[in-house]
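Student: Start counting at 1 in the sequence shown, then tack on 1, and there's your number in our numbering.
Once you've had a glance at the structure underneath, I'll fire off some questions.
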Amino acid sequence: MWAVHVGMRWHPEWYPGLTSNSPLIDFQLFIHNNFPGKCPIPCGVPMPQKWCHWPPAGNLTAPSVYDSEPNAIDAIDAIDAIDAFGNDSNDSNVSNVSNVSNADMSNITIKVLTYNLFWWNLYRVRQGDGESAGKLMKAEIEEDRPFDVIGFQECEDGHRALEPVGLLHIYNVLQGPHAVCLAYRKDVWNLLTHGMEDVGEDMRSHYYGRRGVFWMRLEHYDTGRKLLFVNHHGPLEVNSGGECGGDSIANNIIHVIQNKSRPGDAIILVGDFNANAASRTVQALWKRMVMLHSGTSFGGVDNIFGNMDSSSVISRKNLGPGGSDHDALTATVTLGPVEAARVEAAVEAVDFLKAQPPGNEWQHFWCGQLETDVGYVPAEGSFLRVVKHKPHRGDSLDVAAPQRCCRLCQQDPRCRSWIWKDGGPSCEMYGAAPVEKEKVPGFVSGLSAAEATLQGGELALRALTSLRPT
């Protein structure tokens, strides 16, 4: 509506092909196509064909304790670094490490930050809210030490977030597509290469577009240790994994990590996954990486994963929102031999869901699980009721979208699973988890938060706390 009533009036050149009399749907489609992430695709517009089911990814390994050849850089690294240097003025030369022996390579620590900046609200509507996010980061740096690497989501200008509070001199910032940013401490790390790959896309019911991972591979100046840092902003709906599902998203992320890392690299994956511990996305990642930290926003959709042992975690903090609708999370890990208690972050994440289930109001609601183009085969005798879409009769009969079906299920303590069927639509609810699943185009099926959390608790007990050595 702002574009129609304000933007078009003062800046008609921003909207070529449109006039003040153009239908609202035309404005929405123009903004969706030209400014990804700003506006969902309008109802009735044909959806793009699914594309994101990739070949199965292999397994990751733990970081090496020491680099066998800290001065060496392989041919692939050299090519990548030259490409990165040509594409970004912030990139450095291939390597600035010299004359470092294994004996010099003591343990190093890496401090990580992940933060969804809520850009449209915090920086556009509230004009930075007195630099509340920047001040939050600066306070943590002054209390402890600078973050080595930062992953921002909903970030349209990483410089804008850091410069007003005097932090930009510490970091080089990389701006990626899909409103994600990376930053690294430029006096400690040398950028070897970086890039972006799409790994999924939003569900049709809340479609902004494709979602990806923005990554950078760094070299530690003093030791030659390598770090692959990966930032992800996951697809909507929350806990769906988008159109391709949580298992596909997790597989595709691991696939990118495998292709962009080298044996011995430390690997850290951060982001607002739009998926918490009840989701198939996070549960699938528990089998491939070590969860190091998880937040509390929207059930814990902000997460930090790594390939290092969970006992390598020195500290974990939830820094609070700083004006965002997500909390900033930080974790510090050490590379090398450690003697500390293992962090059970996966179990802690599920325990939080048990203590803080989703609310019924939309601002506090999230669904346990959603699976697109999947029909559940219900357990015998588990049928509870069916709701047909009759919105004129009230909210309790509005099942226009799958998340509304899930919301009705979660309002009934007996309901454990549900099936939303397009073409009516209608919502079927069941008092047990399904016995089977089948491919059914146009169906969306899912679990209540209580059932998904219960199943997540069993999987969390088997979550990885370490990976095999390189």
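Ideal placement from N, C-alpha and C gives every residue a C-beta, glycine not left out.
Here the structure is a predicted model, which means the values were calculated and not measured.
#1: May I ask you to verify whether the stretch 348-358 touches the stretch 121-135, counting CB pairs closer than 8 Å and requiring at least 3?
#2: Would you report the Cα separation of T454 and Q412, rounded to the nearest angstrom?
#3: Within its chain, find whatever has a CB closer than 6 Å to the CB of S262; leave out the 5 residues flanking it on each side and keep chain order.
#4: What are the partner residues of I1, as DSSP defines its beta bridges?
#5: Check the Cβ-Cβ distances between I269 and every residue of chain B, and say whether any is below 7 Å.
#6: Consult DSSP for E371 and reduce its assignment to one of helix, strand or coil.
#7: Just to confirm my understanding: we take T282, look at its own chain, exclude 5 residues before and 5 after, and list those with CB closer than 7 Å. What are they?
#8: In angstroms, rounded to a whole number, what distance separates the CA positions of D326 and L320?
#9: What is the rounded straight-line gap between the Cα of G213 and the Cα of V200?
#10: Just to confirm the assignment, what range does the beta strand (DSSP E) spanning A1 have?
#11: Consult DSSP for G38 and reduce its assignment to one of helix, strand or coil.
#12: The beta strand (DSSP E) that contains V445, what's its start and end?
#13: Should N72 go down as buried or exposed, given a rule of 16 or more other Cβ atoms within 10 Å for buried?
#14: Would L330 pass as a contact of G307 if the rule is Cβ separation under 7 Å?
#15: The beta strand (DSSP E) that contains S154, what's its start and end?
#16: CB-CB under 8 Å to A401, same chain, minus the five flanking residues each way: which ones, in chain order?
#17: Return the residue from the list W216, M217 and E202 that minimises the CA-CA distance to G210.
#18: Would you give the residue range spanned by the alpha helix (DSSP H) that R495 belongs to?
#19: Could you please give the first and the last residue of the uninterrupted alpha helix (DSSP H) stretch that includes M204?
#20: Which residue marks the beginning of the beta strand (DSSP E) containing K318, and which one marks its end?
#21: Got a sec? Which residues, its chain only, sit under 7 Å from E452 by beta carbon, not counting five neighbours each side?
#22: Taking C-alpha atoms, which residue in L163, E155, L114 and G177 lies nearest to F148?
#23: Report back the beta-carbon spacing between N232 and V271 to the nearest angstrom; my notes put them in contact at under 8 Å.
#24: For the stretch 188-271, which segments carrying the beta strand (DSSP E) assignment without a break, of at least 3 residues, lie completely within its bounds, in sequence order?
#25: Suppose contacts are defined by Cβ-Cβ distances below 7 Å. Is A346 in contact with A278 by that definition?
#26: Between the alpha carbons of K438 and W120, how many angstroms are there, rounded?
#27: Once the 5 residues before and after H160 are set aside, which same chain residues still bring their CB inside 7 Å of it?
#28: Checking 7 Å against the spacing of the C-beta atoms, do T62 and R469 come in under that value?
#29: Under a Cβ-count criterion, where at least 16 other Cβ atoms within 10 Å of its own Cβ denotes burial, should R205 be classed as buried or exposed?
#30: Where do the ends of the beta strand (DSSP E) carrying M430 lie?
#31: Who does Y116 pair with in a DSSP beta bridge?
Tutor: Result, derived from the coordinates:
#1: no
#2: 16 Å
#3: L229 and I268
#4: This structure cannot settle anything about residue 1, because the visible part of the chain is limited to 2 through 471.
#5: Annotation note: the requested chain B is absent from the structure, which comprises a single protein chain.
#6: The sequence shown places Leu at residue 371, not Glu. Here L371 sits in strand by DSSP.
#7: Answer for T282: G235, G242, G247, I250, A251, F274 and A276, listed in chain order.
#8: 13 Å
#9: 5 Å
#10: Lying before the first or after the last residue shown, residue 1 is absent from the chain, which here runs from 2 to 471.
#11: With a pLDDT of 45 at G38, under the threshold of 50, the modelled position of this residue cannot be trusted; read the value that follows with caution. In the structure shown, G38 sits in coil (DSSP, three-state: anything other than H, G, I, E or B).
#12: E437 to L448 is the span of the beta strand (DSSP E), which, as asked, contains V445.
#13: With a pLDDT of 37 at N72, under the threshold of 50, the modelled position of that residue is not reliable, and no figure is offered here.
#14: Going by C-beta atoms, L330 is not nearer than 7 Å to G307.
#15: For clarity, residue 154 is Gln in the given sequence; the question names Ser instead. It spans V150 to Q154 - the beta strand (DSSP E) in which Q154 sits, taken as one unbroken run.
#16: Excluding positions up to five away in sequence, the list reads H390, P392 and P426.
#17: E202
#18: This structure cannot settle anything about residue 495, because the visible part of the chain is limited to 2 through 471.
#19: Looking at the DSSP string, M204 is not in any alpha helix (DSSP H), and its letter there is neither H nor E.
#20: V314 to G321 is the extent of the beta strand (DSSP E) around K318.
#21: Contacts found: G369, R417, S418 and A434.
#22: From the listed residues L163, E155, L114 and G177, the smallest Cα separation to F148 is found for L114.
#23: 6 Å
#24: DSSP runs (the beta strand (DSSP E)) wholly in the stretch 188-271: 190-202, 211-221 and 227-234.
#25: no
#26: When rounded, the distance between both Cα atoms is 38 Å.
#27: L169 and V174
#28: yes
#29: buried
#30: S427 to Y431
#31: F153
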